[in-house]
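Presented below is the structure to which this report refers.
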Amino acid sequence: MTVRVPAKINLCLGVGRVRADGFHPLATVYQAVDLHDELRISSREDGELAVAVHTELDLPEGSQVPDGDDNIAVRAAKLLRKRLGDETLGADIAIRKLIPVAGGMAGGSADAAAALVGCNELWGGGLGRADLEPLAAELGSDVPFLLHGGNAIGGGRGETVSPVLARGSYHWVFATAPEGLSTAAVYAEFDRITPDAPEEPEVPDALLNALRAGDAHALGQALSNDLTDASLSLRPELADTLEVGLEAGALGAIISGSGPTTAFLAASDQHALDLAMALASTGAAADVLQSRGPVSGARLV
Numbered sequence: 001m002t003v004r005v006p007a008k009i010n011l012c013l014g015v016g017r018v019r020a021d022g023f024h025p026l027a028t029v030y031q032a033v034d035l036h037d038e039l040r041i042s043s044r045e046d047g048e049l050a051v052a053v054h055t056e057l058d059l060p061e062g063s064q065v066p067d068g069d070d071n072i073a074v075r076a077a078k079l080l081r082k083r084l085g086d087e088t089l090g091a092d093i094a095i096r097k098l099i100p101v102a103g104g105m106a107g108g109s110a111d112a113a114a115a116l117v118g119c120n121e122l123w124g125g126g127l128g129r130a131d132l133e134p135l136a137a138e139l140g141s142d143v144p145f146l147l148h149g150g151n152a153i154g155g156g157r158g159e160t161v162s163p164v165l166a167r168g169s170y171h172w173v174f175a176t177a178p179e180g181l182s183t184a185a186v187y188a189e190f191d192r193i194t195p196d197a198p199e200e201p202e203v204p205d206a207l208l209n210a211l212r213a214g215d216a217h218a219l220g221q222a223l224s225n226d227l228t229d230a231s232l233s234l235r236p237e238l239a240d241t242l243e244v245g246l247e248a249g250a251l252g253a254i255i256s257g258s259g260p261t262t263a264f265l266a267a268s269d270q271h272a273l274d275l276a277m278a279l280a281s282t283g284a285a286a287d288v289l290q291s292r293g294p295v296s297g298a299r300l301v
């Protein structure tokens, strides 16, 4: 059983004041892009859940993909097994990672979504995507979106997902960083430097209008991320990477999620190639990747 699952970017990320439960209210627009992880899942007769991870990307300094019970794909399989009411179900999960690790593109959440889809099929669970959504939300804020992919508005802490009217396909260039960035650290820095954050952030109308029109130039101007100042406070060098992309003609530039991956919108495949070459030539990034979106979410292949 093989499942392919995409990365995500946040075209906008509005962040509100931290709630009593420790979470931040979010208003975001997700887009799934065609950087994929693949999970190959096979059954075991002994009821064990095991994971093996292979990545073809250099891991950022200080980052690693958890194994064993700490891996989110194993946690997803355990949660599904509990939902199905059969603790004897087992699986070997082999993960081939192409989504940047600790890069703000939801690589771990993607693997969780893929594990839910793949194990449900492998074990004959018979659950639809709507049935898997509550399990996905329990695993993490980005996981429900990655069950579906495409474009969507996210609310709550990101786990409440609804489709958004959108047209067109978009060309992206991603610059990864040599060192990862802790999501928890970025949110803590956000709290420190943004004491006047709103209680309920909103998605900008300009961004929704750009998606409805399929207007890449307007979308580039509407990209936004409330975590930018916090990410730059912790990693000031990311400002230089953003500037390189903009000087090379990107339609828009943004830190992806909590970072440290930076995303640049291009007008075409050729424009994306030119941007990628400009970013690579400066040495500002550990790696430069080209991609397109939107694409579908976790799916069997």
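The numbering of the sequence shown is the UniProt record's numbering, which starts it at 1 and goes up by one.
For every residue, glycine included, the Cβ atom is placed at its ideal position computed from N, Cα and C.
Cβ-based neighbour list, residue i, same chain, cut-off 8 Å, excluding 5 preceding and 5 following
i	result
LEU26	LEU13, GLY14, VAL15, GLY16, SER141, GLY154, GLY155, GLY156, ARG157, GLY158 and PRO201
GLY126	ASN120
GLY47	GLU87, THR88, LEU89 and GLY90
LEU35	PRO6, ALA7, LEU98, ILE99, PRO100, MET105, PHE174, LEU289 and SER291
ALA218	ALA206, ASN209 and ALA210
ARG212	LEU165, ALA166 and ARG167
GLU45	GLY90
Residue j beta carbon less than 9 Å from that of residue i
i	j	result
ILE254	ASN209	no
ALA175	PHE264	yes
ILE95	ASP37	yes
ASP229	THR261	no
VAL101	GLN290	no
VAL18	LEU39	no
ALA284	ASP274	no
VAL295	GLY118	no
ALA113	LEU147	yes
LEU181	LEU11	no
SER258	THR183	yes
GLY150	ALA73	no
ALA152	TYR30	yes
VAL143	SER109	yes
Residue i - DSSP class collapsed to helix/strand/coil
i	result
ASP226	coil
ARG19	coil
ASN10	strand
THR183	helix
ALA266	strand
ALA285	coil
SER233	helix
ALA34	Note that residue 34 is Asp in the sequence shown, not Ala. Here ASP34 sits in strand by DSSP.
ALA253	strand
THR261	coil
LEU275	helix
GLY245	helix
ALA298	coil
GLY68	helix
ALA52	strand
ALA280	helix
ALA175	strand
ALA166	coil
Pairwise C-alpha distance: residue j and residue i
i	j	result
MET1	GLY297	16 Å
VAL164	PHE145	12 Å
ALA222	ASP240	20 Å
VAL51	LYS8	23 Å
GLU237	ALA286	13 Å
PRO204	SER169	20 Å
PRO178	ASP86	42 Å
GLY104	GLU189	16 Å
HIS54	SER268	31 Å
ALA276	ARG299	29 Å
GLY220	LEU79	39 Å
GLY22	GLN270	44 Å
PRO134	THR282	44 Å
ASP70	ALA272	37 Å
LEU227	HIS171	23 Å
residue 304	ALA137	This structure leaves residue 304 out entirely; the chain is present only between 1 and 301.
LEU279	ASP131	42 Å
residue 357	GLY107	Nothing can be reported for residue 357: it is not among the residues displayed for the chain, which extend from 1 to 301.
ARG129	SER162	13 Å
PRO198	HIS24	10 Å
ILE41	ALA20	39 Å
VAL301	LEU49	22 Å
VAL244	ALA250	9 Å
Nonlocal neighbours in the same chain, by C-beta distance under 6 Å from residue i, ignoring five residues either side
i	result
LEU246	ALA253
SER256	ILE9, GLY104, MET105 and ALA263
ALA76	ALA112, ALA115, LEU116 and LEU139
GLY214	ARG167 and GLY168
SER231	VAL186, ILE255 and GLY259
ASP191	VAL18
ALA248	LEU275 and ALA278
Nonlocal neighbours in the same chain, by C-beta distance under 7 Å from residue i, ignoring five residues either side
i	result
SER43	GLY90, ALA91 and LEU122
LEU234	LEU181, ALA185, VAL186 and GLU189
ARG81	GLU87 and LEU89
ASP67	VAL51 and VAL53
LEU242	ALA253 and THR262
Chain B contact for residue i (CB, 9 Å cutoff)
i	result
ALA7	Considering every chain present, this structure includes no chain B. It has just one protein chain.
**Report entry** Any alpha helix (DSSP H) of 4 or more consecutive residues that is wholly inside the stretch 185 to 231
**Finding:** Those alpha helix (DSSP H) runs which fall completely within the stretch 185 to 231 and span 4+ residues are 205 to 213 and 216 to 222.
Query - alpha helix (DSSP H) runs wholly inside the UniProt domain "GHMP kinase N-terminal" (71 to 150), at least 4 long, in chain order - result: Listed in chain order, the complete alpha helix (DSSP H) runs (minimum 4 residues) inside the UniProt domain "GHMP kinase N-terminal" (71 to 150) are 72 to 84, 107 to 122, 129 to 139 and 143 to 148.
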